[in-house]
Amino acid sequence: MDLYGLVELAHNSALSEWMRTSLKAVAIINAVHVLSIATVFGTIFFVDLRLLGYPNVQRSFSRLHHALVRWTWAAFALSVVSGVLLFMVNALTYYRNTAFWLKMATIVIAGVNMLIFERFTFRSVANWDQAVLPPPAARLAGALSIVLWVSVIFLGRWIGFTKGYDFSIPEDVQFDFSLPSE
Amino acid sequence: MFEFAEWLGATPLSVAIQSRLWLTPLLQSIHIVMIGVVFVSILNVALRVMGRIRTDEPLVEVWHRFAPWFWSSLGVMAGTGLVLAIGEPVREVSAMSFWVKMSLIAVGVVSALFFGRTVMAAAGHEEAPPTMAARVVAVATIFLWLAIIFLGRWIAYDVEIWESWHLG
Numbered sequence: 049m050d051l052y053g054l055v056e057l058a059h060n061s062a063l064s065e066w067m068r069t070s071l072k073a074v075a076i077i078n079a080v081h082v083l084s085i086a087t088v089f090g091t092i093f094f095v096d097l098r099l100l101g102y103p104n105v106q107r108s109f110s111r112l113h114h115a116l117v118r119w120t121w122a123a124f125a126l127s128v129v130s131g132v133l134l135f136m137v138n139a140l141t142y143y144r145n146t147a148f149w150l151k152m153a154t155i156v157i158a159g160v161n162m163l164i165f166e167r168f169t170f171r172s173v174a175n176w177d178q179a180v181l182p183p184p185a186a187r188l189a190g191a192l193s194i195v196l197w198v199s200v201i202f203l204g205r206w207i208g209f210t211k212g213y214d215f216s217i218p219e220d221v222q223f224d225f226s227l228p229s230e
Numbered sequence: 135m136f137e138f139a140e141w142l143g144a145t146p147l148s149v150a151i152q153s154r155l156w157l158t159p160l161l162q163s164i165h166i167v168m169i170g171v172v173f174v175s176i177l178n179v180a181l182r183v184m185g186r187i188r189t190d191e192p193l194v195e196v197w198h199r200f201a202p203w204f205w206s207s208l209g210v211m212a213g214t215g216l217v218l219a220i221g222e223p224v225r226e227v228s229a230m231s232f233w234v235k236m237s238l239i240a241v242g243v244v245s246a247l248f249f250g251r252t253v254m255a256a257a258g259h260e261e262a263p264p265t266m267a268a269r270v271v272a273v274a275t276i277f278l279w280l281a282i283i284f285l286g287r288w289i290a291y292d293v294e295i296w297e298s299w300h301l302g
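From first to last, the protein sequence lines stand for chains S and B.
Taking the numbering used here as reference, the numbering of the first sequence is continuous, increasing by one, and the terminal residue is 230.
Taking the numbering used here as reference, the numbering of the second sequence is continuous, increasing by one, and the terminal residue is 302.
This is the structure we're talking about:
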């Protein structure tokens with residue numbers, strides 16, 4: 049089965065149908081999604097700030113990282129589950145939405161950035177753990193991470209305004225940058 | 135209130151906001167980014183009060199670490215929120231979620247001010263292990279801000295959530 053077939057299957061599933069007809073399901077899942085993505089960003093933000101050497105604290109990088117990382121992953125898991133559910137509600141619309149695909153691509157890039165950091169830069173953490181200013185590679189990872197996760201949030205919000213679903217847009221307004229429908 | 139909202143919605147300022155269609159998603163995005171900073175600041179302080187993290191650091195230092203982020207991000211959210219509300223005043227005043235959210239924010243801000251004063255007054259004294267009451271207040275504070283975030287998102291779904299309680 050190709051990707052479109054899978055998307056169609058998700059769109060037409062009983063769960064999607066239930067979410068579409070239930071009054072409160074989408075509102076609740078949507079709120080969970082906003083909360084969890086904000087928590088992902090917030091926890092990552094404070095770790096990234098430490099990578100950038102700000103603020104000037106005595107707290108080692110690995111201790112700060114350790115305190116926050118479980119919250120990041122828990123919130124990320126919650127945002128994936130709520131995100132998949134939201135996607136299923138309107139799978140065929142999202143499938144054609146450019147902002148949606150840009151958001152997914154940005155999450156992947158953010159993941160790669162994190163993976164490179166964990167695999168290479170973090171290996172030498174013992175050398176710079178207490179340093180006020182971590183090495184350039186760590187600072188770059190931190191800066192990229194902030195930019196990428198802010199982009200994920202922006203693109204996510206943009207989906208809501210380009211999918212023609214939960215916000216009414218005046219008809220004469222050119223606001224849609226989704227792909228032409230098939 | 136509805137008359138005021140209708141008047142506000144027709145003012146040149148509101149019309150200017152409404153006509154710039156990129157402005158609403160832009161401000162909403164900034165608003166969500168700031169939710170992350172505010173909520174995680176609250177979470178860190180609350181978990182510290184509960185004795186779950188940063189126990190090697192005095193409470194007042196944890197407060198000084200996060201309070202500036204909490205207040206400044208909250209300030210940005212007040213700004214973006216105000217512009218969003220001026221852009222869609224009728225939508226806001228008819229949403230029960232909006233009014234409950236504003237009331238809970240008032241509770242959150244007053245309790246944060248009170249908490250900050252208490253912590254700073256107690257700075258330098260020996261810290262006792264967290265009492266049950268302190269833990270309960272910390273958990274309640276986390277849930278308070280969770281409720282604020284939920285209600286914010288629910289302004290767009292006010293009829294679905296509140297049904298006949300919707301004020302429109």
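Every residue gets a Cβ at the ideal spot worked out from N, C-alpha and C, and that includes glycine.
In this chain, the alpha helix (DSSP H) harbouring residue 69 of chain S covers 62-69. Among the residues of the region 182-206 of chain B, those with a Cβ less than 7 Å away from any Cβ of chain S are 187 and 188, in the order of the chain. Here the region 56-64 of chain S does not lie against the region 85-97 of chain S, with fewer than 3 beta-carbon pairs under 8 Å apart. Counting along the chain, the unbroken alpha helix (DSSP H) around residue 202 of chain B starts and ends at 193-221.
In this chain, the alpha helix (DSSP H) harbouring residue 284 of chain B covers 266-288. In the three-state reduction of the DSSP assignment, residue 136 of chain S falls in the helix class. Here the alpha carbons of residue 153 of chain B and residue 253 of chain B stand approximately 46 Å from one another. In this structure the region 77-88 of chain S touches the region 168-187 of chain B; the number of beta carbon pairs closer than 8 Å is three or more. When 9 Å is used as the limit between beta carbons, residue 125 of chain S is near no residue of chain B, the shortest such separation being about 16 Å. The CB of residue 159 of chain S never comes closer than 8 Å to any CB in chain B; the least such distance is about 18 Å. Proximity of residue 227 of chain B to chain S, defined by a Cβ-Cβ separation below 8 Å, is not satisfied. Counting C-beta pairs closer than 8 Å gives fewer than three between the region 109-126 of chain S and the region 136-148 of chain S, which falls short of the contact rule. Chain S has a Cβ within less than 8 Å of the Cβ of residue 170 of chain B. The shortest C-alpha to C-alpha distance from residue 206 of chain S to any of B:150, B:163, B:149 and B:136 is the one to B:163.
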